[in-house]
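Written out below as structure tokens is the structure these notes cover.
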Amino acid sequence: MAHQPYRFPQARIPERGSGVFRLTVRNAMARHDSEMKEECLREDLKFYFMSPCEKYRARCQIPWKLGLQILKIVMVTTQLVRFGLSNQLVVAFKEDNTVAFKHLFLKGYSGTDEDDYSCSVYTQEDAYESIFFAINQYHQLKDITLGTLGYGENEDNRIGLKVCKQHYKKGTMFPSNETLNIDNDIELDCVHLDLQDLSKDPPDWKNSSFFRLEFYRLLQVEISFHLKGIDLQTIHSRELPDCYVFQNMIIFDNKAHSGKIKIYFDSDAKIEECKDLNIFGSTQKNTQYVLVFDAFVIVICLASLILCTRSIALALRLRKRFLNFFLEKYKRPVCDTDQWKFINGWYVLVIISDLMTIIGSILKMEIKAKNLTNYDLCSILLGTSTLLVWVGVIRYLGYFQAYNVLILTMQASLPKVLRFCACAGMIYLGYTFCGWIVLGPYHDKFENLNTVAECLFSLVNGDDMFATFAQIQQKSILVWLFSRLYLYSFISLFIYMILSLFIALITDSYDTIKKFQQNGFPETDLQEFLKECSSKEEYQKESSAFLSCICCRRRKRSDDHLIPIN
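If you use UniProt numbering, the sequence shown closes out at 566, no skipped numbers anywhere.
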């Protein structure tokens, strides 16, 4: 009998119309859909974390935001420089006029202020002469001034001087008998001297009872007046001139009753719209060119703002897809670190910068058109926005491993540095309050809390050490000894210990980052998910600080709405 080969039993294939066949097909299609969904999500994530150059190589996508940021840096910096040069003329005009006013209205002004006040008088005769000198100089202003100045109206819409004196209500004082009888209620008396009163000959106002001062009751005398001026130096820069109102006040301070009356001069300059300007030449055309340039800056920043806002919105959508998928497949939520990676802090920085630039440019245009005069607010907005724009450049340098160390070190050390500064700040505040209350009467740098904090910060940086030690007055041996203990302990504690620990925290973070760059960064759930490379067409990305291995295939045009532009 011939040998018959063994026949393996054949697997039963479900018939096409049977229920088992339909169930098998549905399961296969469900697995295929799930795999396609996972693969699509993985590709979107890989594409999101690419650099602009890698996105261009992967899909030939033009990095519009990168180009806009480069153009914006050039334009915003140019705008800031032009505004700074214009603002410099304004500041110089104000300061020059303040110096001129001090020479005009302060008798015996030497050109250098004495401490925080301009000058001082020590006799009653000098006090009267200083008051009358200021009033007479105001009357003769048009004949003696070198500037483009004129009289202005005060708060009462009157042209002239307003002289006020503050004094105790009543009292008697006999220092030789150590006797004092005084009512500490303060009275305020004022008199207005217009140009007609000052033009009288002889001047009756000098003999009025108002100017009979009882110096033992006198607290202070205030002379206030307004002047108007026009800044013509802006015409040389082909800009429209500014019209100014100078609110001047001369204060004779006798509150200390120490035999020395301090004389303060305060000038507050306000820019107002000129009522009638007739200037011939190219100034008007130059102003129009500047306004067009500012409008173009606003358009560029608005485009950057829209693109960055759109990127954040698409990133949040992608984040939501990843969180839902991860929870559905792995039955656990994504860690907070991975969730925050979808929030691009650089985009938030750019959005804030764009908003400040737009608002500042609008204010600048209004100032240029002489409709607004708020130079300070405009300077703050444009200056801060330019700072943020240049800081944002670090983001693109971070795509190179050699430059990325700075960013990663700052990110890693910031939480530890903040906690350390909070503890060190408590010690710093303690030294600040202690130095103010103990050394304040004996040292100029410890007179108030603000100067104490500034002095201690200078000592931490090694500035002005000898002068701080030497300027302490040796009127009290106990305070002098305490000052030495106070300064030596502060310098030793903060320079040799706290500052060294501060540097050590940053150095430790830097060393950690360098080891991670050599041996690889700790992988999170997101990075593990992205490392699973597809078996289809792949795009191999170079290892970086954030992702050690990224593979992605080219996307179809129909999937463009799924990709957030980074």
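All C-beta atoms in this analysis are idealised placements derived from N, C-alpha and C, irrespective of residue type, glycine included.
Cβ-Cβ separation, residue j to residue i (assumed contact under 8 Å), whole Å
i	j	result
Leu381	Asn374	The pair is not a contact, with the Cβ atoms about 10 Å apart (cut-off 8 Å).
Ile263	Cys119	5 Å
Arg395	Trp346	4 Å
Thr468	Lys368	Thr468 to Lys368, Cβ: 46 Å. No contact.
Leu499	Val460	7 Å
Val76	Val297	7 Å
Met249	Asp231	Rounded, the Cβ-Cβ distance is 21 Å, inconsistent with contact.
Ser304	Lys37	That pair is no contact at about 34 Å.
Trp480	Ile491	Wrong, their Cβ atoms sit about 17 Å apart, outside the cutoff.
Asn97	Phe246	6 Å
Met365	Leu291	6 Å
Cβ shell of residue i (< 6 Å), same chain only, five flanking positions each side left out
i	result
Ile427	none
Lys169	Asp183, Asp185, Glu187
Ser544	Only weak support exists for where Ser544 lies, its pLDDT of 38 falling under 50; the value from the coordinates is given anyway. So the list is empty, once near-sequence residues are dropped.
Closest residue to residue i among the options (Cα-Cα distance)
i	options	result
Ala424	Leu493, Arg57, Phe326	Leu493
Thr179	Leu146, Thr145, Tyr216, Lys169	Tyr216
Arg484	Ser500, Asn344, Met465	Met465
Asp156	Leu193, Ile503, Lys329	Leu193
Gln79	Val389, Asp268, Leu106, Glu114	Val389
Ile159	Phe225, Leu418, Cys455	Phe225
Lys200	Gln140, Pro175, Thr234, Lys162	Gln140
Pro415	Gln471, Phe105, Ala453, Ile506	Ile506
Tyr244	Ile503, Lys37, Asn136, Lys94	Lys94
Phe210	Asp197, Gly229, Asp189, Leu198	Asp189
Trp205	Asp276, Gly229, Lys170, Phe132	Phe132
Val348	Cys335, Val91, Ala313	Ala313
Residue i, buried or exposed, once every other Cβ within 10 Å from all chains shown has been counted against 16
i	result
Asn184	exposed
Tyr138	buried
Asn177	exposed
Asp463	exposed
Tyr431	buried
Lys142	exposed
Glu538	With a pLDDT of 46 at Glu538, under the threshold of 50, the predicted position of this residue should be treated as unreliable, though the coordinate-derived value follows. Counting Cβ neighbours within 10 Å, Glu538 comes out exposed, since fewer than 16 surround it.
Ser258	exposed
Leu526	buried
Leu408	buried
Ala134	buried
Phe400	exposed
Phe49	buried
Lys275	exposed
Ser535	For Ser535, the predicted structure reports a pLDDT of 37, less than 50, and the residue's modelled location is therefore unreliable. A value from the coordinates is still provided. When all chains shown are included, Ser535 counts as exposed.
Lys165	buried
Gly520	exposed
Ala127	buried
Lys102	buried
Distance CB(residue i)-CB(residue j) smaller than 7 Å
i	j	result
Ser385	Ser353	yes
Ile251	Glu214	no
Leu41	Arg321	yes
Leu149	Leu227	yes
Asp294	Ser361	yes
Val405	Ile513	yes
Leu530	Lys46	yes
Cys421	Ile358	no
Ser489	Ser413	no
Lys107	Ser130	yes
Leu439	Phe433	no
Asp338	Thr524	yes
Leu240	Lys341	no
Pro52	Leu68	no
Ile343	Cys308	no
Glu153	His167	no
Gln233	Leu89	yes
Leu449	Trp436	yes
Asp242	Ile261	no
Spatial neighbours of residue i in its chain, beta-carbon cut-off 8 Å, leaving aside the 5 residues before and after
i	result
Lys255	Leu219, Gln220
Asn87	Tyr375, Ser379
Pro333	Leu323, Phe326, Leu327
Thr145	Ala100, Leu104
Lys475	Tyr442
residue 578	Outside the displayed range of the chain (1 to 566) lies residue 578, so it cannot be described from this structure.
Test: residue i CB closer than 7 Å to a CB of chain B
i	result
Ile131	Chain labels in this structure do not include chain B; a single protein chain is all it has.
Any non-hydrogen atom of the ligand PLP within 6 Å of residue i CB
i	result
Leu406	This structure does not include the ligand PLP; it has no bound ligands of any sort.
Beta-carbon contacts of residue i that lie in its chain and below 7 Å, excluding the five residues immediately before and after
i	result
Thr172	Asn181
Ala402	none
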